[in-house]
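With positions in the sequence shown counted from 1, the corresponding number in the numbering used here is that position plus 5.
Below is one structure, written out as C-alpha cells, with a few remarks after it.
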Amino acid sequence: MHDLRSPLLSVANAVAILMDMMPETRVDDSIVVECLRAMATCSQLMQHIVSDMLDFERIDSGKLVLVPAAMRVSQLLKAVAATFSGLAAAKGVMLRLVPLLPDLEHTVFIGDVRRLQQCVNNGVS
C-alpha cells in the first residue's frame, strides 16, 4: 500500500499548489503546467499499482507477465522526478535529477517500464 502513498501525496500537493494560486493565473502558467503533468504521471502510476494489486493472484501463482518495451532511462527518471517533486518540496527536500551521461541520454533500453518505475519510486520514497 505504501506504493500508493507517494503518488497520492504528490497529487494532493499539486492540487494544494493549484488551489493556492490567484484566480487570474493562466492555465498555461509554467507552475500550473508542471502541477498538471505531475498529477497526470501520478494518477497513471496509481492506476498501474491498483491494477497490479488486483492481479495479486497472478503474482502469487507465478504467472505475472513482464511487458518488455523500448524505453529511455531519461524518460523514466523524469517521470519519477515529476511524481516526487511536489512531495519533496512540501517536506523542504530538494529533489534534483542529475543529468545522464550523453551516451545514455538517448539510448533505448528494453525493459518492463511499469515495474522499473515502481522499483525506482520505492527507492526514492
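Quick reminder that beta carbons are idealized off the backbone N, C-alpha and C, glycines included.
Only counting the same chain, and skipping five residues up and downstream in sequence, which positions put a Cβ closer than 6 angstroms to that of residue i?
i: I54; result: D8 and L9
Using a Cβ-Cβ cutoff of less than 8 angstroms, which residues in the same chain neighbour residue i once the five nearest sequence positions on both sides are dropped?
i: P73; result: I115, G116 and D117
Does the beta carbon of residue i come closer than 7 angstroms to any beta carbon on chain D?
i: R63; result: Of the protein chains in this structure there is only one, and it is not chain D.
Counting along the chain, where does the alpha helix (DSSP H) carrying residue i start and finish?
i: M51; result: S35 to L59
i: G97; result: Unbroken run through G97: none, as it is neither H nor E.
i: G128; result: V118 to V129
Quick one: Cα of residue i to Cα of residue j, how far?
i: G97; j: S66; result: 42 angstroms
i: M58; j: V129; result: 21 angstroms
i: S35; j: I22; result: 12 angstroms
i: P104; j: R42; result: 20 angstroms
i: T88; j: P107; result: 24 angstroms
Spatial neighbours of residue i within its chain, please: C-beta separation below 7 angstroms, excluding the five flanking residues on both sides.
i: L92; result: S11, L14, S15 and N18
Would residue i be called buried (16 or more neighbouring beta carbons within 10 Å of its own) or exposed?
i: V85; result: buried
i: S90; result: buried
i: N127; result: exposed
i: L71; result: exposed
For the beta strand (DSSP E) containing residue i, name the first residue and the last one.
i: R77; result: A74 to R77
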